[in-house]
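Novice:
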Amino acid sequence: MGAQHDHDHGHGGHGHGGHGGHSHGVSADADRRWLVSALLLILVFMAGEVVVGFAAQSLALISDAAHMLTDAASIALALVAMRLSARPARGGYTYGLKRAEILSAQANGVTLLVLSAWLGYEAVQRLIDPPEVTGSLVLVTALVGIVVNLAAAWCMSKANRSSLNVEGAFQHVLTDLYAFIATAVAGAVVMLTGFVAADAIASLVVVVLMLRAGVGLVRDSGRIFLEAAPAGIDPDTVADQLVAAPLVEEIHDLHIWEITSGQPALSAHILVTPGGDCHAVRRDLQRQLREDYRISHSTLQVDHVGEEEVDGLLQITRPGDDDRDHCADAHGPVHRAGPHRH
Numbered sequence: 001m002g003a004q005h006d007h008d009h010g011h012g013g014h015g016h017g018g019h020g021g022h023s024h025g026v027s028a029d030a031d032r033r034w035l036v037s038a039l040l041l042i043l044v045f046m047a048g049e050v051v052v053g054f055a056a057q058s059l060a061l062i063s064d065a066a067h068m069l070t071d072a073a074s075i076a077l078a079l080v081a082m083r084l085s086a087r088p089a090r091g092g093y094t095y096g097l098k099r100a101e102i103l104s105a106q107a108n109g110v111t112l113l114v115l116s117a118w119l120g121y122e123a124v125q126r127l128i129d130p131p132e133v134t135g136s137l138v139l140v141t142a143l144v145g146i147v148v149n150l151a152a153a154w155c156m157s158k159a160n161r162s163s164l165n166v167e168g169a170f171q172h173v174l175t176d177l178y179a180f181i182a183t184a185v186a187g188a189v190v191m192l193t194g195f196v197a198a199d200a201i202a203s204l205v206v207v208v209l210m211l212r213a214g215v216g217l218v219r220d221s222g223r224i225f226l227e228a229a230p231a232g233i234d235p236d237t238v239a240d241q242l243v244a245a246p247l248v249e250e251i252h253d254l255h256i257w258e259i260t261s262g263q264p265a266l267s268a269h270i271l272v273t274p275g276g277d278c279h280a281v282r283r284d285l286q287r288q289l290r291e292d293y294r295i296s297h298s299t300l301q302v303d304h305v306g307e308e309e310v311d312g313l314l315q316i317t318r319p320g321d322d323d324r325d326h327c328a329d330a331h332g333p334v335h336r337a338g339p340h341r342h
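Numbering (full-length UniProt numbering), first residue to last: 1 to 342.
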């Protein structure tokens with residue numbers, strides 16, 4: 001009885017945890033406005049940059065324009081993902097479509113990696129056989145690009161960057177800002193010294209930055225898809241802390257994951273001292289998780305030591321009758337309280 005009843009209460013705790021996600025919902029419209037502003041800035045400038053890039057024969061400018069195209073796509077994808085993730089849970093999608101934002105972040109990371117591979121190849125080709133580059137056009141366009149990207153980055157910094165989705169689009173724009181700075185330096189070098197290989201070298205600098213941002217996004221989004229514990233939360237540490245609580249004898253089947261970025265969730269099977277108050281233990285543990293780890297989506301199944309359900313009937317075994325674990329196929333390590341703790 002205690003196990004089933006407390007499990008139901010655990011689901012209640014899970015429901016209350018939803019308020020953590022709703023706080024962002026208040027600013028969702030503002031986030032969309034900032035992203036749309038950045039998108040318009042980038043699209044207008046990109047169109048002009050393509051024309052100038054071909055006129056100046058500058059790979060750095062053309063690569064910047066290509067990157068700005070992915071900037072625009074990443075912001076558009078982020079906007080679509082925000083719309084999808086805001087839809088309420090229904091049918092088979094019991095969490096709603098919140099992970100659409102993580103799909104968007106992963107797509108942004110992959111496009112950065114693919115683009116960096118292409119631009120890296122082109123830059124090496126140009127180092128071997130550098131074409132003539134019009135330095136003055138490159139410099140002026142890059143300086144304008146710095147201003148545009150600063151404005152776009154500022155707009156996006158106003159949005160909620162704790163979302164991996166928004167952070168992915170922001171990394172695109174930020175990398176483009178660094179790219180324009182490198183391109184401006186390359187344009188100045190070509191104009192002052194005639195060293196045309198500076199254009200390709202600037203492209204390689206951009207490639208390194210794109211690789212760094214792309215790897216980070218793919219890694220972080222991959223951790224969420226693989227149900228890994230959130231960065232900074234060690235499941236063993238959490239279990240050791242919980243099993244040290246009064247009346248708790250054992251914790252197993254502990255799982256910690258992220259529904260989407262910034263929304264951690266936890267489930268566990270808790271065994272308490274025979275005769276202990278299961279409801280009080282569950283409430284105390286859920287409060288501890290909220291306060292210490294900001295985990296408000298927690299589902300805890302609580303049983304007394306010695307309780308076991310067989311063929312739908314609750315049976316009580318005496319200590320020593322059976323040395324098996326309460327769950328024969330428990331996932332992960334089993335954490336038990338010290339023998340003299342109580």
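Yeah, the Cβ is synthetic: ideal placement off N, Cα and C, and Gly gets one too.
Can the beta-carbon of THR183 be found closer than 8 Å to that of VAL52?
Specialist: As a position in the sequence shown, residue 183 is number 183, starting the count at 1. As a position in the sequence shown, residue 52 is number 52, starting the count at 1. In this structure, VAL52 does not lie closer than 8 Å to THR183 by Cβ.
Novice: CB VAL190 to CB VAL138, shorter than 8 Å?
Specialist: Translated into positions along the sequence shown, residue 190 becomes position 190. Translated into positions along the sequence shown, residue 138 becomes position 138. Cβ distance < 8 Å, so VAL190 and VAL138 count as in contact.
Novice: Less than 8 Å between C-beta atoms, sequence neighbours within five positions excluded: which residues of the same chain meet that for GLY332?
Specialist: Here residue 332 corresponds to residue number 332 of the sequence shown, with the count starting at 1. Excluding residues within five positions, the ones whose Cβ falls inside 8 Å are PRO235, HIS252, ASP253, LEU254, HIS255.
Novice: Taking the alpha helix (DSSP H) that THR111 belongs to, which residues open and close that run?
Specialist: Numbered from its first residue, the sequence shown carries residue 111 at position 111. Per DSSP, THR111 belongs to the alpha helix (DSSP H) from 100 to 128.
Novice: Is the stretch 227 to 247 close to the stretch 106 to 121, with three or more CB pairs under 8 Å?
Specialist: Cβ pair count under 8 Å is below three, so no.
Novice: Give me the Cα-Cα distance between residue 344 and MET210, rounded to the nearest whole angstrom.
Specialist: A query on residue 344 cannot be resolved here, the shown segment of the chain reaching from 1 to 342 and no further.
Novice: So, SER74 versus GLY168, is the Cβ gap smaller than 8 Å?
Specialist: Indexing the sequence shown from 1 puts residue 74 at position 74. Indexing the sequence shown from 1 puts residue 168 at position 168. Yes, the Cβ-Cβ distance between SER74 and GLY168 is below 8 Å.
Novice: Tell me the DSSP bridge mates of ASP303?
Specialist: If you number the sequence shown from 1, residue 303 lands on position 303. Partner(s): LEU271.
Novice: Can you give me the C-alpha to C-alpha distance between ASP199 and ALA105, rounded to a whole angstrom?
Specialist: Numbered from its first residue, the sequence shown carries residue 199 at position 199. Numbered from its first residue, the sequence shown carries residue 105 at position 105. When rounded, the distance between both Cα atoms is 30 Å.
Novice: DSSP puts HIS335 in a beta bridge; with which residues?
Specialist: For the purposes of this step, residue 335 is identified with residue 335 of the sequence shown, where counting begins at 1. DSSP, once it has assigned bridges, lists ILE251 as partnering HIS335.
Novice: Could you give the DSSP three-state label for PRO264: helix, strand or coil?
Specialist: To locate residue 264, count along the sequence shown from 1; it is residue 264. Here PRO264 sits in strand by DSSP.
Novice: Which value, in whole angstroms, describes the spacing of the CA atoms of ALA337 and ALA245?
Specialist: Here residue 337 is taken as the residue at index 337 of the sequence shown, counted from 1. Here residue 245 is taken as the residue at index 245 of the sequence shown, counted from 1. Using only the alpha carbons, I get a separation of about 9 Å.
Novice: Rounded C-beta distance between HIS113 and VAL218? I'm assuming under 8 Å.
Specialist: As a first step, residue 113 must be located in the sequence shown, where it is residue number 113. As a first step, residue 218 must be located in the sequence shown, where it is residue number 218. Before going on, a small fix: residue 113 reads as Leu here, not His. So it is a contact: roughly 7 Å between Cβ atoms.
Novice: Taking its Cβ as the centre, do 16 or more other Cβ atoms sit within 10 Å of ALA72, making it buried, or is it exposed?
Specialist: Residue 72 sits at position 72 when you count from the first residue of the sequence shown. Flag for ALA72 reads buried.
Novice: Would you identify the three-state DSSP class for TYR293, choosing helix, strand or coil?
Specialist: Here the question's residue 293 lines up with position 293 in the sequence shown. In this structure, TYR293 counts as helix in the three-state DSSP scheme.
Novice: Taking the continuous alpha helix (DSSP H) assigned at ASN165, which residues delimit it?
Specialist: Start at 1 with the first residue of the sequence shown, and residue 165 comes out as number 165. Its alpha helix (DSSP H) spans residues 164 to 193.
Novice: Checking the sheet assignment: what are the DSSP bridge partners for TRP257?
Specialist: Mapped onto the sequence shown, residue 257 falls at position 257. Partner(s): ALA265.
Novice: What number of angstroms, rounded off, separates the C-alpha of ARG294 from the C-alpha of GLY135?
Specialist: The residue you call residue 294 lines up with position 294 of the sequence shown. The residue you call residue 135 lines up with position 135 of the sequence shown. If I take the Cα positions, the gap works out to 53 Å.
Novice: Please name the residue, chosen from TYR95, GLY109, ARG282, that lies closest to ARG212 on a Cα-to-Cα basis.
Specialist: Locating residue 212 in the sequence shown gives position 212, where the first residue counts as 1. If we check each option's Cα against that of ARG212, GLY109 comes out closest.
Novice: Under a three-way DSSP split, which group does SER136 fall into?
Specialist: Residue 136 sits at position 136 when you count from the first residue of the sequence shown. DSSP places SER136 in helix when its eight states are reduced to three.
Novice: For TYR93, which beta-bridge partners are listed by DSSP?
Specialist: For the purposes of this step, residue 93 is taken as residue 93 along the sequence shown, with counting starting at 1. Beta-bridge pairing links TYR93 to ARG90.
Novice: Can you give the Cα-Cα distance for GLY276 and SER267, rounded to whole angstroms?
Specialist: Within the sequence shown, numbered from 1, the residue matching residue 276 stands at position 276. Within the sequence shown, numbered from 1, the residue matching residue 267 stands at position 267. For GLY276 and SER267, the distance between alpha carbons rounds to 20 Å.
Novice: Grouping DSSP H, G and I as helix and E and B as strand, with all else coil, what is SER298?
Specialist: By one-based count along the sequence shown, residue 298 stands at place 298. Strand.
Novice: With a threshold of 6 Å on Cβ separation, who are the neighbours of GLY25 within its own chain once the five nearest residues in sequence on each side are excluded?
Specialist: Sequence index remark: in the sequence shown, residue 25 carries index 25 (1-based). Reliability fails at GLY25, whose pLDDT of 46 lies under 50, so the model's placement of it is uncertain and no value is given.
Novice: Over what stretch of residues does the alpha helix (DSSP H) that includes ILE233 continue unbroken?
Specialist: Reading the sequence shown from its first residue, position 233 is the one you call residue 233. Here ILE233 belongs to no alpha helix (DSSP H), and DSSP marks it neither H nor E.
Novice: Kindly indicate which three-state DSSP category SER58 falls into: helix, strand or coil?
Specialist: Working through the sequence shown from its first residue, we reach residue 58 at position 58. SER58 falls in the coil class under three-state DSSP.
Novice: If you draw a straight line from the alpha carbon of GLU227 to that of HIS297, how long is it in whole angstroms?
Specialist: For the purposes of this step, residue 227 is identified with residue 227 of the sequence shown, where counting begins at 1. For the purposes of this step, residue 297 is identified with residue 297 of the sequence shown, where counting begins at 1. The straight-line gap from Cα to Cα measures roughly 15 Å.
Novice: What residue from SER221, ALA179, GLN301, CYS278 has the CA that sits closest to ILE62's CA?
Specialist: Start at 1 with the first residue of the sequence shown, and residue 62 comes out as number 62. The option with the nearest alpha carbon to ILE62 is ALA179.
Novice: Identify whether ASN160 lies in helix, strand or coil by the three-state DSSP scheme.
Specialist: One-based indexing of the sequence shown puts residue 160 at position 160. In this structure, ASN160 counts as coil in the three-state DSSP scheme.
Novice: Do you know offhand how far HIS279's Cα is from GLN301's?
Specialist: As a working note, residue 279 is residue 279 in the sequence shown. As a working note, residue 301 is residue 301 in the sequence shown. In a straight line, the C-alpha of HIS279 is about 10 Å away from that of GLN301.
Novice: Assuming ALA78 and ASN165 are in contact, meaning their beta carbons sit under 8 Å apart, how far apart are those beta carbons, in whole angstroms?
Specialist: What you label residue 78 is simply residue 78 of the sequence shown in a count that begins at 1. What you label residue 165 is simply residue 165 of the sequence shown in a count that begins at 1. Contact holds; Cβ gap of about 5 Å.
Novice: Specify the secondary structure class of LEU226 as computed by DSSP and reduced to three states.
Specialist: Locating residue 226 in the sequence shown gives position 226, counting from the first residue. If DSSP states are grouped into helix, strand and coil, LEU226 belongs with coil.
Novice: Output yes or no for whether 8 Å exceeds the beta carbon distance between ASP176 and MET82.
Specialist: On the sequence shown, residue 176 is found 176 positions in, with the first residue counted as 1. On the sequence shown, residue 82 is found 82 positions in, with the first residue counted as 1. Contact flag unset, no.
Novice: Is the distance from the Cβ of ALA153 to the Cβ of LEU174 below 8 Å?
Specialist: Position 153 of the sequence shown holds residue 153. Position 174 of the sequence shown holds residue 174. Yes, the Cβ-Cβ distance between ALA153 and LEU174 is below 8 Å.
Novice: How about HIS304 and VAL334: are their beta carbons less than 8 Å apart?
Specialist: Position 304 of the sequence shown, counted from the first residue, corresponds to residue 304. Position 334 of the sequence shown, counted from the first residue, corresponds to residue 334. In this structure, VAL334 does not lie closer than 8 Å to HIS304 by Cβ.
Novice: Put ASP64 into one of helix, strand or coil per three-state DSSP.
Specialist: Looking up residue 64 in the sequence shown gives position 64. Helix, per DSSP.
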